[in-house]
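**Student:** Residue numbers (UniProt numbering), protein chains in the order written: chain W, 1 to 221; chain C, 1 to 221.
Mind having a look at this structure? Questions to follow.
Number of protein chains: 2
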Amino acid sequence: MAEHECVQLVPIFSELGSEQLDTIESIVRHHHYPAGSTLFGADDPLDSLMIVANGQVKVYQLAANGREQLLYLLQTGDIDGEAALFKNQRRTSFGEALVTTDVCSIRRSDFQDLMQKYPSISINVLNVFGKRLSQLERQTTSTATESVEARLANYITETAAALKTDTFKLPLKKKDLATFLGTTPESISRKLALFERQGLITQKPGKVIEINDADQLLLTE
Amino acid sequence: MAEHECVQLVPIFSELGSEQLDTIESIVRHHHYPAGSTLFGADDPLDSLMIVANGQVKVYQLAANGREQLLYLLQTGDIDGEAALFKNQRRTSFGEALVTTDVCSIRRSDFQDLMQKYPSISINVLNVFGKRLSQLERQTTSTATESVEARLANYITETAAALKTDTFKLPLKKKDLATFLGTTPESISRKLALFERQGLITQKPGKVIEINDADQLLLTE
DNA sequence: TGAATTTCTTGACGGCCGTCAAGTTCTGAT
DNA sequence: ATCAGAACTTGACGGCCGTCAAGAAATTCA
Numbered sequence: 001m002a003e004h005e006c007v008q009l010v011p012i013f014s015e016l017g018s019e020q021l022d023t024i025e026s027i028v029r030h031h032h033y034p035a036g037s038t039l040f041g042a043d044d045p046l047d048s049l050m051i052v053a054n055g056q057v058k059v060y061q062l063a064a065n066g067r068e069q070l071l072y073l074l075q076t077g078d079i080d081g082e083a084a085l086f087k088n089q090r091r092t093s094f095g096e097a098l099v100t101t102d103v104c105s106i107r108r109s110d111f112q113d114l115m116q117k118y119p120s121i122s123i124n125v126l127n128v129f130g131k132r133l134s135q136l137e138r139q140t141t142s143t144a145t146e147s148v149e150a151r152l153a154n155y156i157t158e159t160a161a162a163l164k165t166d167t168f169k170l171p172l173k174k175k176d177l178a179t180f181l182g183t184t185p186e187s188i189s190r191k192l193a194l195f196e197r198q199g200l201i202t203q204k205p206g207k208v209i210e211i212n213d214a215d216q217l218l219l220t221e
Numbered sequence: 001m002a003e004h005e006c007v008q009l010v011p012i013f014s015e016l017g018s019e020q021l022d023t024i025e026s027i028v029r030h031h032h033y034p035a036g037s038t039l040f041g042a043d044d045p046l047d048s049l050m051i052v053a054n055g056q057v058k059v060y061q062l063a064a065n066g067r068e069q070l071l072y073l074l075q076t077g078d079i080d081g082e083a084a085l086f087k088n089q090r091r092t093s094f095g096e097a098l099v100t101t102d103v104c105s106i107r108r109s110d111f112q113d114l115m116q117k118y119p120s121i122s123i124n125v126l127n128v129f130g131k132r133l134s135q136l137e138r139q140t141t142s143t144a145t146e147s148v149e150a151r152l153a154n155y156i157t158e159t160a161a162a163l164k165t166d167t168f169k170l171p172l173k174k175k176d177l178a179t180f181l182g183t184t185p186e187s188i189s190r191k192l193a194l195f196e197r198q199g200l201i202t203q204k205p206g207k208v209i210e211i212n213d214a215d216q217l218l219l220t221e
């Protein structure tokens, strides 16, 4: 019904004209998932590019021992599915489940045609991937070498910096935050309580945190 | 002197013709570093694409606490420098040192021109990044959720699988392997000794390992 | 609004693994 | 071959943090 609803939300298509967006829209498949549902390598997602049309998507990966790791928190207009983009990728198979509301997808072969036709798309995707890559590099380094305390302190200051405010609401439940930071909900509770005892932050009802001493927070080891 | 020495080694240029390779070659800058030297965000590497012309390159990242993390082990023809590829990237600044022998580099703006002119390049780069991305996703999940024992067991079986042999020489010193797996040389020694005691592997002189029971190794938690 | 379920917090405990140290083996250069 | 330096191994110790459990707080839904 609506013309190029989700397609025009996506930055990677930003250079394209209206007729081209129409072409793409005709290729796109739309899905709706009730909030809280999880798609787990279902039907097509694994060999398609996913576009978040509405809501928030959490991308998890399953480890061999059954634990899950929160890798990305995607917002409207974000894309996912690097597996979609190259040919002889041995399926990462296990892993990569998501929880969401509205999602569009584009089949791998269709998307590859698009990239051939409109080179600006692949350059845009490169930018997205480059950023994601350096984010993951930092995350790997961080979980591999720093303490839970330091990782949490970093997360708080970075989130505050991104929102440009000292007082903000944690965008995740403790359990998700824990799997994101590679720790447990209990440890997060304890460390936040510690930071508060040290006067570095103040915790307020509703997962709201106020930073009192960002500099000292960053010195946490 | 030699025509397109390193350029023709690189898979991302594989679709290009000889004259085009010449063009690229004229843009490329060559460097030579004595084995074991480390370039540490020196002169241009941070805003250029790096091509490994010869030898082996270890890509490290420095954590806030001063520890280093081994992220990639690059071989001849591999590329590095995602930072090179997008404009408004706030420099990851600290981090990313490498050790190597021969390296070529292409300035960011030059490379962006190339991608505009030859779309096949950016698609090839996308493939490389996609693979690297899913590798890093697994690594993040692994270090965040699995024990040192399980990570090492995984590393051994994967390396063996990649080499298609049960007996192989560890390609890294214990210290590098340790920073790669997010642990310490001591722990690696201990775990290998444990595996040997359990009859899962046999250690031979010269960092050579023979796998006796791959299935059981994978069950390590 | 009130009750049921989920999420969060705090305590106690224990194990994994990082650190320090000392001895041994390996490696490479002369 | 010899020797110096690096890399490796093994032990002892301790702290970080994950686990289990129980109670408190918060959120959801009727």
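Think of the CB as a built atom: it goes at the ideal place given N, C-alpha and C, for glycine as much as any other residue.
With 8 Å as the C-beta to C-beta threshold (strictly closer), list the residues of the segment 8-20 of chain W near chain C in chain order.
**Tutor:** Going along the segment 8-20 of chain W in chain order, one finds no residue with a Cβ nearer than 8 Å to chain C.
**Student:** Mind pulling the chain W residues with CB within less than 8 Å of residue 143 (chain C)?
**Tutor:** 140, 143, 144 and 182, listed in chain order.
**Student:** Along the alpha helix (DSSP H) that carries residue 221 (chain C), what are the first and last residues, could you check?
**Tutor:** Premise fails: residue 221 (chain C) is in no alpha helix (DSSP H) and is neither H nor E.
**Student:** Name the one or two DSSP bridge partners that residue 54 (chain W) has.
**Tutor:** In DSSP, residue 54 (chain W) forms a bridge with W:102.
**Student:** Terminal residues of the continuous beta strand (DSSP E) containing residue 68 (chain W)?
**Tutor:** 68-74 is the span of the beta strand (DSSP E), which, as asked, contains residue 68 (chain W).
**Student:** Would you kindly report the start and end of the unbroken alpha helix (DSSP H) that includes residue 128 (chain C)?
**Tutor:** Segment 119-145, the alpha helix (DSSP H) holding residue 128 (chain C).
**Student:** Could you tell me whether any Cβ in chain C is nearer than 8 Å to the Cβ of residue 129 (chain W)?
**Tutor:** True, the Cβ-Cβ gap to chain C drops below 8 Å.
**Student:** Figure out for me which residue from W:184, W:188, W:172 and W:161 has the closest Cα to the Cα of residue 213 (chain W).
**Tutor:** For residue 213 (chain W), the nearest C-alpha among the options comes from W:161.
**Student:** Could you tell me the alpha carbon to alpha carbon distance between residue 64 (chain W) and residue 207 (chain C), rounded to whole angstroms?
**Tutor:** So the two alpha carbons sit approximately 27 Å from each other.
**Student:** Nearest chain W C-beta to residue 137 (chain C) closer than 8 Å, yes or no?
**Tutor:** Taking Cβ atoms only, chain W reaches closer than 8 Å to residue 137 (chain C), which makes this a yes.
**Student:** Please report the distance separating the alpha-carbon of residue 15 (chain C) from that of residue 143 (chain W).
**Tutor:** Taking the straight line joining both Cα atoms gives about 39 Å.
**Student:** Any Cβ of chain C within less than 8 Å of the Cβ of residue 50 (chain W)?
**Tutor:** Output row for residue 50 (chain W): interface = no.
**Student:** Using a C-beta to C-beta distance shorter than 9 Å, which residues of chain C count as neighbours of residue 69 (chain W)?
**Tutor:** What residue 69 (chain W) touches in chain C: 137, 140, 141, 142, 144 and 145.
**Student:** Looking only at DSSP bridge pairs, what is residue 210 (chain C) linked to?
**Tutor:** Looking at the DSSP assignment, residue 210 (chain C) forms a beta bridge with C:167 and C:202.
**Student:** Please decide whether residue 85 (chain W) counts as near chain C, where near means a Cβ-Cβ distance under 8 Å.
**Tutor:** Taking Cβ atoms only, chain C reaches closer than 8 Å to residue 85 (chain W), which makes this a yes.
**Student:** For the alpha helix (DSSP H) holding residue 188 (chain W), just list the boundary residues, first then last.
**Tutor:** Start and end: 185-197.
**Student:** Do residue 173 (chain C) and the ligand SAM come close, with the Cβ less than 7 Å from some heavy atom?
**Tutor:** The ligand content of the structure shown is nil, which means the ligand SAM is not present either.
**Student:** Kindly indicate which three-state DSSP category residue 80 (chain C) falls into: helix, strand or coil?
**Tutor:** Three-state result, residue 80 (chain C): strand.
**Student:** Residue 9 (chain C) by DSSP, collapsed to three states: which one?
**Tutor:** Helix, per DSSP.
**Student:** Quick one: what's got a C-beta closer than 6 Å to residue 151 (chain C)'s C-beta in the same chain, skipping five residues either side?
**Tutor:** Only 142 and 181 meet the Cβ criterion.
**Student:** Could you check how far apart the C-beta atoms of residue 136 (chain C) and residue 136 (chain W) are, in whole angstroms? I think they sit under 8 Å.
**Tutor:** Confirmed, Cβ separation roughly 4 Å.
**Student:** When burial is assigned at 16 or more other CB atoms within 10 Å of the CB, is residue 78 (chain C) buried or exposed?
**Tutor:** Counting Cβ neighbours within 10 Å, residue 78 (chain C) comes out buried, since at least 16 surround it.
**Student:** Identify whether residue 251 (chain W) lies in helix, strand or coil by the three-state DSSP scheme.
**Tutor:** The shown model of chain W, from 1 to 221, leaves out residue 251 (chain W), and the question about it has no answer.
**Student:** Applying a beta-carbon distance threshold of less than 8 Å, which residues of chain W neighbour residue 132 (chain C)?
**Tutor:** Going along chain W in sequence order, the residues near residue 132 (chain C) (Cβ under 8 Å) are 133.
**Student:** Quick one, which of W:76, W:70, W:32 and W:168 has its alpha-carbon nearest residue 8 (chain W)'s?
**Tutor:** Checked all of W:76, W:70, W:32 and W:168; the closest Cα to residue 8 (chain W) is W:76.
**Student:** Less than 8 Å between the beta carbons of residue 217 (chain W) and residue 211 (chain W), yes or no?
**Tutor:** The answer is yes: Cβ separation under 8 Å.
**Student:** The alpha helix (DSSP H) that contains residue 178 (chain C), what's its start and end?
**Tutor:** Run containing residue 178 (chain C): 174-181, per the alpha helix (DSSP H) assignment.
**Student:** Is residue 28 (chain W) helix, strand or coil when you go by DSSP?
**Tutor:** Three-state DSSP puts residue 28 (chain W) in coil, outside helix and strand.
**Student:** Taking the alpha carbon of residue 111 (chain C) as the point to measure from, which residue in C:102, C:122, C:101 and C:103 has its own alpha carbon closest?
**Tutor:** The shortest Cα separation from residue 111 (chain C) among C:102, C:122, C:101 and C:103 belongs to C:122.
**Student:** Based on DSSP bridge pairs, tell me the residues matched to residue 224 (chain C).
**Tutor:** Outside the displayed span of chain C (1 to 221) sits residue 224 (chain C), for which this structure offers no information.
**Student:** Under 8 Å between C-beta atoms, does residue 61 (chain W) make it to chain C?
**Tutor:** It does; some Cβ of chain C falls within 8 Å.
**Student:** For the putative contact between residue 209 (chain C) and residue 201 (chain C), defined by C-beta atoms under 8 Å, what is the C-beta separation to the nearest angstrom?
**Tutor:** So it is a contact: roughly 6 Å between Cβ atoms.
**Student:** Rounding to the nearest angstrom, what Cα-Cα distance links residue 203 (chain C) and residue 47 (chain C) in this structure?
**Tutor:** If you take the alpha carbons of residue 203 (chain C) and residue 47 (chain C), they lie about 43 Å apart.
**Student:** Going by beta carbon distance, what residues of the same chain come within less than 8 Å of residue 168 (chain C), once the five residues before and after it are set aside?
**Tutor:** Excluding residues within five positions, the ones whose Cβ falls inside 8 Å are 159, 160, 208 and 209.
**Student:** In this structure, how does DSSP classify residue 16 (chain W) when only helix, strand and coil are distinguished?
**Tutor:** Coil, per DSSP.
**Student:** Are the Cβ atoms of residue 101 (chain C) and residue 33 (chain C) separated by less than 8 Å?
**Tutor:** Result yes, Cβ atoms of residue 101 (chain C) and residue 33 (chain C) sit closer than 8 Å.
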